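For reference, the structure is listed below as structure tokens.
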Amino acid sequence: MKLFSVAIRQEDDTFHAQVPDLPEIHVIGDSIADTINKVRSTLIGHLQKLADDGSDLPQPENITNHLTNPKFAGQTWAMISLNSMLFNSKQKPFNLHLPRALLTQIQAQIGYDEHDIKAFILKAIEHELANA
1 MKLFSVAIRQ
11 EDDTFHAQVP
21 DLPEIHVIGD
31 SIADTINKVR
41 STLIGHLQKL
51 ADDGSDLPQP
61 ENITNHLTNP
71 KFAGQTWAMI
81 SLNSMLFNSK
91 QKPFNLHLPR
101 ALLTQIQAQI
111 GYDEHDIKAF
121 ILKAIEHELA
131 NA
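Residue numbers for the sequence shown follow the UniProt record's numbering, so the first one is 1 and each next one is one higher.
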């Protein structure tokens, strides 16, 4: 699991976010929730590209290292958790159709985020293979 810190500042009616561990990631949104969603999508795309290129994934620092940085003084902080298992290597697309009742149970346990559901299913498959 990788836990990325996100610094968010408001300027007029827009919210600007930066990921201190990945300074090339800047996102602008209409609300804090919109901005966090955009950062999450951008992070996933960035990390997938790094994995596809065979590059090492960045190791995020603890948020306490960023809180004392004057560049981020007075900003709102969010944390985005991503399962690094999604970025282990190049992925091959694979469609999986789940019974609606099973998907509802998964969503009740872990939420509705598509990437969290994929990570959950990958972990379950790895668990089953390890115990086979």
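Every residue gets a Cβ at the ideal spot worked out from N, C-alpha and C, and that includes glycine.
All values derive from a computational prediction rather than experimental measurement.
Once DSSP output is grouped into helix, strand and coil, what is the label at residue i?
i: P70; result: helix
i: Q18; result: strand
i: A132; result: coil
i: L122; result: helix
i: E114; result: helix
i: N62; result: coil
Report the partner residues of residue i according to the DSSP bridge assignment.
i: D2; result: Asp is not the amino acid found at residue 2; the sequence shown has Lys there. K2 pairs with L82.
i: R9; result: H16
i: T76; result: I8
I need the boundaries of the beta strand (DSSP E) containing residue i, first residue and last residue.
i: L22; result: 22–29
So the alpha helix (DSSP H) residue i belongs to, where does it begin and stop?
i: K92; result: Where K92 is concerned, there is no enclosing alpha helix (DSSP H), given that its DSSP letter is neither H nor E.
i: N37; result: 32–52
i: I106; result: 100–110
Hey, how far is the Cα of residue i from the Cα of residue j?
i: Q105; j: P70; result: 44 Å
i: N83; j: D56; result: 15 Å
i: Q17; j: G29; result: In the sequence as presented, Gln is not what sits at residue 17; that position holds Ala. If you take the alpha carbons of A17 and G29, they lie about 8 Å apart.
i: D52; j: K92; result: 11 Å
i: H2; j: R40; result: A small fix is needed here, since residue 2 is Lys in this sequence, not His. If you take the alpha carbons of K2 and R40, they lie about 12 Å apart.
i: I125; j: D21; result: 31 Å
i: F94; j: I121; result: 12 Å
i: M85; j: F4; result: 15 Å
Please indicate yes or no: does the CB of residue i lie closer than 7 Å to some heavy atom of the ligand SAM?
i: F15; result: Looking for the ligand SAM in the displayed structure turns up nothing, as the structure carries no ligands at all.
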